[in-house]
Amino acid sequence: MQPLVTERQIEVLRRTMAAYASLEGFVLTRVLVDRSFEHTTALAELLAALDDGEARHVLVPALHHFGHFEGVQLAMKELLESQHGARVLVLFSGPSAGVTP
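Numbering (my numbering), first residue to last: 759 to 859.
Here you go:
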């Protein structure tokens, strides 16, 4: 199975996200990545970190990282904010945002 993203893409996004977090006064502690649509362990790990109080902010490269459809993306953002008390920060906007070559 073809991975959703390459290690190079992940590293570029990690560096970009770390720089943004630093500018905003945060420290990027973890980057969670699901390697395929069949495995969503990153989401489970994120929810656990929020519920345990380990994290309060979620930095996502773009909303499409939450799902394919706009309704799902907005619902995920709302869920994280209203049910888990997270502040969701979106790095890029637009349909191809957060995608590196």
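Every residue, glycine too, gets a C-beta built ideally from N, C-alpha and C.
Look at His826 here: in three-state DSSP terms it is coil, with no helix or strand label. In the three-state reduction of the DSSP assignment, Val763 falls in the coil class, being assigned neither a helical nor a strand state. Going by beta carbons, Leu804 and Leu790 fall inside the 9 Å limit. A distance below 6 Å between beta-carbons, with the five flanking residues on each side excluded, links Leu771 to the following residues of its chain, in chain order: Pro819.
Leu790 sits in coil when the DSSP states are folded into three classes, being neither helix nor strand.
In the DSSP assignment, Leu801 falls within the alpha helix (DSSP H) that extends over Thr799 to Asp809.
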